[in-house]
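Report on the following structure.
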Amino acid sequence: MVVENWAPQLKILSHSSIGGFVSHCGWSSVMESIKFGVPIIAIPMQLDQPWNARIVISSGVGLEIEKSKNKRLIERENAAKVIREVMVEKTGEDVRRKVIKMSDNLKRQVEEEMDRVEKELTQICGI
Numbered sequence: 004m005v006v007e008n009w010a011p012q013l014k015i016l017s018h019s020s021i022g023g024f025v026s027h028c029g030w031s032s033v034m035e036s037i038k039f040g041v042p043i044i045a046i047p048m049q050l051d052q053p054w055n056a057r058i059v060i061s062s063g064v065g066l067e068i069e070k071s072k073n074k075r076l077i078e079r080e081n082a083a084k085v086i087r088e089v090m091v092e093k094t095g096e097d098v099r100r101k102v103i104k105m106s107d108n109l110k111r112q113v114e115e116e117m118d119r120v121e122k123e124l125t126q127i128c129g130i
């Protein structure tokens, strides 16, 4: 699916049929993809995005589509290769396993933090 304007990204990422997310690698998009256990297909453009893409790649939760030699264009063969790797090849299975593990860890840490905050508030309020 290609969306030119705003799209309900969280709703899309949470759908069970989503096998990968082609992303510019803005930090919010990276975290949302990890939250829902969706492998990232990185196409960083500017600012923090190339750095975020490096984190995605080094942590094993995504792959990057290489740009052409002039570093400005994405060649369709490169895009197709990476999308195929994520969707149907062994590499994609490994990426999916890692992103699901990271998603589970993230959810667990959020729950633990919320429990800690609840305990502190209970103590502060004398409940």
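Counted the way this note's numbering counts, the sequence shown spans residues 4 to 130. We treat Cβ as the ideally placed atom computed from N, Cα and C, and that holds for glycine. Small disclaimer: the values here were computed from a predicted structure and weren't measured.
Distance between residue j and residue i (C-alpha atoms, nearest Å)
i, j, result
"isoleucine 52", "cysteine 128", "Checking the displayed sequence, the identity of residue 52 turns out to be glutamine instead of isoleucine. Looking at the two C-alpha atoms, the distance is approximately 42 angstroms."
"serine 62", "glutamate 116", "23 angstroms"
"asparagine 108", "methionine 34", "12 angstroms"
"lysine 84", "glutamate 123", "50 angstroms"
"threonine 94", "phenylalanine 24", "15 angstroms"
CB of residue i within 7 angstroms of CB of residue j, strictly
i, j, result
"histidine 18", "isoleucine 46", "no"
"methionine 105", "valine 64", "yes"
"valine 89", "isoleucine 44", "yes"
"glycine 40", "isoleucine 86", "no"
Environment of residue i [buried if 16+ CB atoms lie within 10 Å]
i, result
"proline 42", "buried"
"serine 36", "buried"
"valine 120", "exposed"
"valine 91", "exposed"
"asparagine 55", "buried"
Backbone secondary structure at residue i - three-state DSSP
i, result
"lysine 101", "helix"
"alanine 1", "Absent from the structure is residue 1, since the part of the chain shown begins at 4 and ends at 130."
"leucine 16", "helix"
"glycine 22", "coil"
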